[in-house]
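**Student:**
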Amino acid sequence: MKTKFDPLKYRPDFPILKQKIHGYPLVYFDNAATTQKPKMVIDAIKNFYERDNANVHRAIHQLGERATEAYEKARKTIAGFIGAESEKQIVFTKGATESINLVASAWGRKYISEGDEIIVSEMEHHSNLIPWQLLAKDVGAVLKILPINLDGTLVFNEFEHILSNKTKLIAVTHMSNVFGTINPIKKIVSMAHDRGIPVLLDGAQSVPHLPIDVGFLDCDFLVFSGHKMCGPTGIGVLYAKINHLENMNPYQGGGEMISSVWLDNATWNEIPHKFEAGTQNIAGAIGLAKAIEYLEYVNMRDITLYEQDLVTYTINKLMSIDGVVIYGNAPARGGAISFNLDDIHPHDLAHFLDQKGIAVRAGHHCAQPIMRKLNLAATTRASLYFYNTVEEVDYLAEQLVEAKKFFNL
Ligand code: C6P
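FYI, the working numbering numbers position 321 of the sequence shown as 342, with every residue one higher than the one before it.
Here it is, written out as structure tokens:
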């Protein structure tokens, strides 16, 4: 290992990691699905409910003021974390999925119409595919697909063939949840902007693992989920450039998203409140801000460097096992490692590993088009975070060797 980062310094912060599963110490390698939560995040949520709980932006009482202050402070923390110019650019949602649906509905229905084209890549999670399929079907637009190579990289040159003067949006993942590929976003954004096309970036797998600066990336929309970055479930973020947010229609109607209401008409609140109809996940926003404080304390740059070290170590270790095939070999990659072992079904392998205390994901990873491309029904996926250790990787490798013996008997 090249970095001096010590995951053992942080492990005690995660109460869940201290337990045994089937008599073995828990080895949690399902971080792309959701990450574990440090005690300070759990405490922040508990403290909110024990001391400050009230609805936000509505009450004139002390609790209401405290809750509102904490909720709006969380928005500022998030804006700072991703380098947004203003907290007005941060819309709270349920997660990356809802954020994409929000853009498809509130922006897409206004700006995309019959005959227009939307580009997505073949490596998208269903969350960055289905909302565009639904929109395209409803308005008569065309979904164009940027293909991928078998090594999990984009066939970048194909952009030339699928871009046209009808392209209205490029929606692409920053980091693949199957291959771990980190896509060349700067290149995509500058090529798109040269033609006046906005770009939506699915940051569900990148924001938790890489330092992100939306000013540098220059993407128009960025979506991510709190639960994949040490925060709670049920809270996520849509970042967008101010002009998009100002011009977009509301997403849902209800309390707080309005300015004035008559029986037959209404006007909208200022951004970002225009997009936050009804009572929001206040505790979730506060928990996510605490998770960000924690990640900043660990240091995002150190997290990235350590994970890159650990992923290289893991890939080398897995490749040394006869019968392991790893899917994805991009030059820039993160910690989601999909693989198969001989012809053991991924579900059987995941079950075997679970019996030894190791949590991995098996299946299509909500990316069925990738499985079709690879001609596979499923893969096993180990996905890393900064609290994982070399010893855990060694243990995984040992247990894969054991699995071979067990299944090939
Ligand atoms: N991927 C995985 O195990 P939500 O469910 O809204 O928090 O995130 C959706 C999502 C969007 N984009 C990418 C690239 C993702 O990886 C995910 C979630 C998890 O791979 C759960 S399916």
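Note that the Cβ used here is the ideal one computed from N, Cα and C, for glycine as well.
Short of 8 Å in beta carbon distance, which residues of its chain neighbour E317, apart from the five on each side in sequence? Order them along the chain.
**Tutor:** F102
**Student:** Are L339 and V332 closer than 8 Å when you measure CB to CB?
**Tutor:** Contact annotation: L339 and V332 have beta-carbon atoms that are not nearer than 8 Å.
**Student:** Name the DSSP bridge partner or partners of R382?
**Tutor:** R402
**Student:** Check whether the Cβ atoms of L417 and A399 sit closer than 8 Å, and answer yes or no.
**Tutor:** Contact: no.
**Student:** Could you check what DSSP says for F200 in three-state terms: helix, strand or coil?
**Tutor:** coil
**Student:** Determine the DSSP secondary structure at P46, reduced to helix, strand or coil.
**Tutor:** Of the three classes helix, strand and coil, the one that applies to P46 here is strand, per DSSP.
**Student:** Inspect the CB distances between the region 221 to 233 and the region 27 to 39 and report whether three or more fall short of 8 Å.
**Tutor:** Touching, no.
**Student:** Let me know if T356 comes out buried or exposed under the rule of 16 or more other beta-carbons within 10 Å of its beta-carbon.
**Tutor:** One point to set straight first is that residue 356 is Gly, not Thr, in the sequence displayed. The residue in question, G356, is buried, as its Cβ has 16 or more Cβ neighbours within 10 Å.
**Student:** Is V282 helix, strand or coil by DSSP?
**Tutor:** Correct three-state label for V282: strand.
**Student:** Should D330 be listed as close to the ligand C6P, given that the test is whether its C-beta is under 7 Å from any heavy atom?
**Tutor:** Checking every heavy atom of the ligand C6P against the Cβ of D330, none is found closer than 7 Å.
**Student:** Identify every residue that forms a DSSP beta bridge with N170.
**Tutor:** According to DSSP, N170 bridges with nothing at all.
**Student:** With a threshold of 6 Å on Cβ separation, who are the neighbours of M196 within its own chain once the five nearest residues in sequence on each side are excluded?
**Tutor:** Taking M196 as the centre and dropping the five residues before and after it, the same chain places the C-beta of I203, Q226, S227 and G355 closer than 6 Å to its C-beta, in chain order.
**Student:** Can you list, in chain order, the stretches of the beta strand (DSSP E) that have 3 or more residues and sit fully within the region 50 to 118?
**Tutor:** 111 to 114
**Student:** Scan the region 191 to 252 and note each continuous beta strand (DSSP E) run of 3 residues or more that stays entirely inside, going in chain order.
**Tutor:** List check, beta strand (DSSP E) in window: 220 to 223 and 242 to 246.
**Student:** Check each candidate in L266, E181 and K158 and name the one with the smallest Cα separation from L123.
**Tutor:** Closest option to L123, Cα to Cα, is L266.
**Student:** If you draw a straight line from the C-alpha of Q301 to the C-alpha of D323, how long is it?
**Tutor:** Each residue's alpha carbon lies about 33 Å from the other.
**Student:** Please confirm whether any heavy atom of the ligand C6P lies closer than 7 Å to the CB of R354.
**Tutor:** no
**Student:** If we call anything under 8 Å between Cβ atoms a contact, is I358 one with T335?
**Tutor:** Yes, Cβ-Cβ distance for I358 and T335 is below 8 Å.
**Student:** Between G5 and G305, is the Cβ-Cβ spacing less than 8 Å?
**Tutor:** The structure shown does not extend to residue 5, since the chain spans only 22 to 430, so no value can be given for it.
**Student:** Do you know offhand how far Y132's Cα is from K189's?
**Tutor:** 8 Å
**Student:** Which residue comes first and which comes last in the beta strand (DSSP E) that contains G257?
**Tutor:** G257 to A261
**Student:** Between which residues of its own chain and G104 is the CB-CB distance below 6 Å, once the five residues before and five after are set aside?
**Tutor:** D234, V235 and G236
**Student:** Between which two residues does the beta strand (DSSP E) carrying Y348 extend?
**Tutor:** V345 to Y348
**Student:** In whole angstroms, give me the CA-to-CA distance for G275 and H294.
**Tutor:** 11 Å
**Student:** Does the beta-carbon of H19, which I'm using as the reference point, lie nearer than 7 Å to any heavy atom of the ligand C6P?
**Tutor:** Outside the displayed range of the chain (22 to 430) lies residue 19, so it cannot be described from this structure.
**Student:** Thinking just about the alpha-carbon of each residue, which of P168, I169, N170 and I139 is nearest to the one in L155?
**Tutor:** I139
**Student:** Assign K25 to buried or exposed, taking buried as 16 or more other Cβ atoms, counted over all protein chains shown, within 10 Å of its Cβ.
**Tutor:** exposed
**Student:** Compute the beta-carbon to beta-carbon distance between L231 and T325, rounded to the nearest angstrom, for a pair I have assumed lies under 8 Å.
**Tutor:** 5 Å
**Student:** Just checking S246 against the ligand C6P - is the residue's beta carbon closer than 7 Å to any of the ligand's heavy atoms?
**Tutor:** yes
**Student:** When we look at the beta-carbon of Q420 and count the other beta-carbons within 10 Å, is it buried (16 or more) or exposed?
**Tutor:** Looking at its Cβ environment, which holds 16 or more other Cβ atoms inside 10 Å, Q420 is buried.
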